[in-house]
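A.B. asks: Residue numbers (full-length UniProt numbering): 1 to 486. Every residue, glycine too, gets a C-beta built ideally from N, C-alpha and C.
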DNA sequence: TGAAATGTTGGGGCG
DNA sequence: ACGCCCCAACATTTC
C-alpha cells in the first residue's frame, strides 16, 4: 500500500533548505504538495501591512519558481486556513498536513484549533520549529518563569545546544499534472494598486536565493566590522536580513551554522566581537519571541501596566503624527529615517531608535501609533520584534530604555552621521548644507542657508517642537504618571 | 543601545 | 612665591 500525499503548509518559512516540516514530509515517502494560504482574517488585528504584502508577493513568486524547477508548483489559495486545508485534503487525497510553527498569539490559537480539528478527523497533523534557535517554551529562568532582561536571557541561551539546520530534503513533489488548479498569485491582491513600492524592487531581492546571497555578502564583507560600524547608518553595515528572517527565507540555524562553519579550523566560535554582536542581534529576535509568547497582550498594551495611564499629548488633527510619518518634523536625522522607511520599506536600526524616541518623547504620542505605522510600512514588519522595539523605546517594556532616557536628535545625528551623508541621501533638499549645520539647519546663518538653496519653512520645515521644551514636557509627563493617585 | 546637570580636579593667568 | 579665580576636562549624579 503506497503512502498518501502530504500537504506542506507554508506560512513564514518560505524556503526549501533547513525546513524541518519539509524534511519530515519527505521522509513519509509519499508525494508532497506545497500550499500557501492567504488568510489575513486569521491574523487577528495584525494582518500583514502593505509593505509586507509586497515582500510576500515576491517571496511566494520565488518559492513558486523554485518548485517549478522541481516539476511542481506552489498551490496558492485564499480563505480561512482550516476550510482551505480541508478542501485541499479532499482534492489531493492527502492524509497529512505538516507545517512549521508560528508564535504570534493569533496564530498560536488558530493553529492549535486546526491541529486538533485535523487530528479528530484522523489526519496526521504535525508542526515543527523552523524559525527560532530557542523556542519560548524551552527557556526558563531559575524560578521557572520567563526571562525579562536580555543579557541573562542570552547568556542562558548560549549555554544551550543549538540544533543544526534540518537535513536537505528532495521529496517527490506532486507533479503539475496532478495538482489541483491553483489561484494565480496576482489574485491575492498583495501588490499595491499604486506603484509606491517602485523603489522596493531596486532595493530588495525577496526569496530564498536573495536571502542566501545577502547572508554570504554580509559574512564576506561586513561581519568582522559589524560591532563598530553597525551604529553608523551611512556605512551600510547592517546585514539587511530582517525581512528574510521574518518570512523564513532563511532560518536562524542557517545563520548560526554559517558562522560556525566559518571558524571550523580554529574551533573558536564566535571568533570576533563582530560575530558575537551579530549573533546577539539574532538573540534579540529570539528574545522578542520569548516575550511575545509569554506576554501575548504586549502588541497592544504596555508590559509595565502603570504606563497604560501615561499622559500622552493631544494631537487633535493628527498634525504631529502626520509630520512624523512623512518625515517633516524639521529634525533631519528623524526625517531622513522616516523617508528611508517610506522609500525602501526599511530603516537602519540606530535610526529606528531615534525616530521612535522622538515620537514617544518629543511628540509624546502613543508608541502604539508608531508600531502601527511601522507595521504598515516595514517590509520586515514582525509582531515580536516590532512590539519589543516600541516598548523598549517607550520605556514600558521588559528590559526597556528608561523613559527618562531621551535621545537628542541633534546629538545623535552629529554622533552617528557626522558628515551628514545619511541625511543627504534621504533629504536631498538639504544636500548642499555643510556638515557643521546639517543636523540643525535652524541654527545656520542666513547666508549659508541661501547658498545651499534651503528656505526654512518652505523647502524644509522648521522644527515642529523645541528640543529643550519637549524634553522638559516629557519628563513632566513621566512625573505626572508617577504621582498619579492609584 | 543618553543627555543634562552638577561636582571635582588641576593647569595657568594674574595680582 | 603665593593665593585666588577661571574654566576646561573629566567624573558623578540625576532625570
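Using 10 angstroms around the beta-carbon of residue 144, count the other beta-carbons present and answer buried if the total reaches 16, otherwise exposed.
C.D. replies: exposed
A.B. asks: Does the Cβ of residue 364 have 16 or more other Cβ atoms within 10 Å, making it buried, or fewer, making it exposed?
C.D. replies: buried
A.B. asks: Rounded to whole angstroms, how far is the Cβ of residue 171 from the Cβ of residue 251, which I believe are closer than 8 Å?
C.D. replies: That pair is no contact at about 18 Å.
A.B. asks: Do you know whose CA, among 91, 253, 70 and 154, lies nearest residue 173's CA?
C.D. replies: For the options 91, 253, 70 and 154, the alpha carbon positioned closest to that of residue 173 is the one of 70.
A.B. asks: For residue 214 and residue 346, what's the separation of their Cα atoms in angstroms?
C.D. replies: 15 Å
A.B. asks: State buried or exposed for residue 468, treating a residue as buried only when at least 16 other CB atoms are found within 10 Å of its CB.
C.D. replies: exposed
A.B. asks: Compare the C-alpha of residue 429 against each of 415, 409, 451 and 412 and name the closest.
C.D. replies: 451
A.B. asks: Strictly by DSSP, which residues pair up with residue 37?
C.D. replies: DSSP, once it has assigned bridges, lists 77 as partnering residue 37.
A.B. asks: According to DSSP, simplified to helix, strand and coil, what is residue 159?
C.D. replies: Coil.
A.B. asks: In whole angstroms, what is the alpha-carbon distance linking residue 307 and residue 396?
C.D. replies: 6 Å
A.B. asks: Just to confirm the assignment, what range does the alpha helix (DSSP H) spanning residue 289 have?
C.D. replies: 273-294
A.B. asks: Cα-Cα, which of 289, 311 and 148 is closest to residue 484?
C.D. replies: 311
A.B. asks: Ignoring anything shorter than 4 residues or poking outside the stretch 286-352, list the alpha helix (DSSP H) runs there in chain order.
C.D. replies: 319-326 and 332-344
A.B. asks: May I ask you to report which of helix, strand or coil DSSP gives residue 137?
C.D. replies: helix
A.B. asks: In three-state DSSP terms, what is residue 230?
C.D. replies: coil
A.B. asks: Given a threshold of 16 other Cβ atoms within 10 Å of its Cβ, counted over all protein chains shown, does residue 309 qualify as buried or as exposed?
C.D. replies: exposed
A.B. asks: Here's the rule: buried if 16 or more other CB atoms are within 10 angstroms of the residue's CB, otherwise exposed. What is residue 175?
C.D. replies: With fewer than 16 neighbouring CB atoms inside 10 Å of its own CB, residue 175 falls in the exposed class.
A.B. asks: In three-state DSSP terms, what is residue 487?
C.D. replies: This structure cannot settle anything about residue 487, because the visible part of the chain is limited to 1 through 486.
A.B. asks: In chain order, what residues of the same chain have a beta carbon less than 6 Å from the beta carbon of residue 257, not counting five sequence neighbours either side?
C.D. replies: The beta carbon of residue 257 lies closer than 6 Å to those of 165 in the same chain, with the five residues before and after it left out.
A.B. asks: Give, in chain order, every unbroken run of the alpha helix (DSSP H) that is at least 4 residues long and sits entirely within the stretch 3-52.
C.D. replies: 20-28
A.B. asks: I'd like the ranges of any alpha helix (DSSP H) spanning at least 4 consecutive residues and lying wholly in the stretch 224-269.
C.D. replies: Entirely contained in the stretch 224-269, the alpha helix (DSSP H) runs reaching 4 residues are, in chain order, 226-229, 242-246 and 252-262.
A.B. asks: Would you give the residue range spanned by the alpha helix (DSSP H) that residue 385 belongs to?
C.D. replies: 383-394
A.B. asks: Please name the residue, chosen from 80, 288, 177 and 183, that lies closest to residue 392 on a Cα-to-Cα basis.
C.D. replies: Ranking 80, 288, 177 and 183 by Cα distance to residue 392 puts 288 first.
A.B. asks: Roughly how many angstroms lie between the CA atoms of residue 431 and residue 437, to the nearest whole one?
C.D. replies: 11 Å
A.B. asks: Could you tell me the alpha carbon to alpha carbon distance between residue 372 and residue 324, rounded to whole angstroms?
C.D. replies: If you take the alpha carbons of residue 372 and residue 324, they lie about 13 Å apart.
A.B. asks: Exposed or buried, what is residue 194 when buried is set at 16 or more other beta-carbons lying within 10 Å of its beta-carbon?
C.D. replies: exposed
A.B. asks: Assuming residue 42 contacts residue 78 (C-beta within less than 8 Å), just tell me the rounded distance between them.
C.D. replies: Contact doesn't hold; Cβ gap of about 11 Å is too wide.
A.B. asks: Counting Cβ pairs closer than 8 Å, one from the stretch 352-368 and one from the stretch 17-28, do we hit at least three?
C.D. replies: no
A.B. asks: Take residue 404 as the anchor and find which of 361, 421 and 433 has the nearest alpha-carbon.
C.D. replies: 361
A.B. asks: Can you tell me which of the three DSSP states residue 125 falls into?
C.D. replies: strand
A.B. asks: Near residue 273, which residues of its chain fall below 7 Å by C-beta distance, leaving aside the five closest residues on each side in sequence?
C.D. replies: 227
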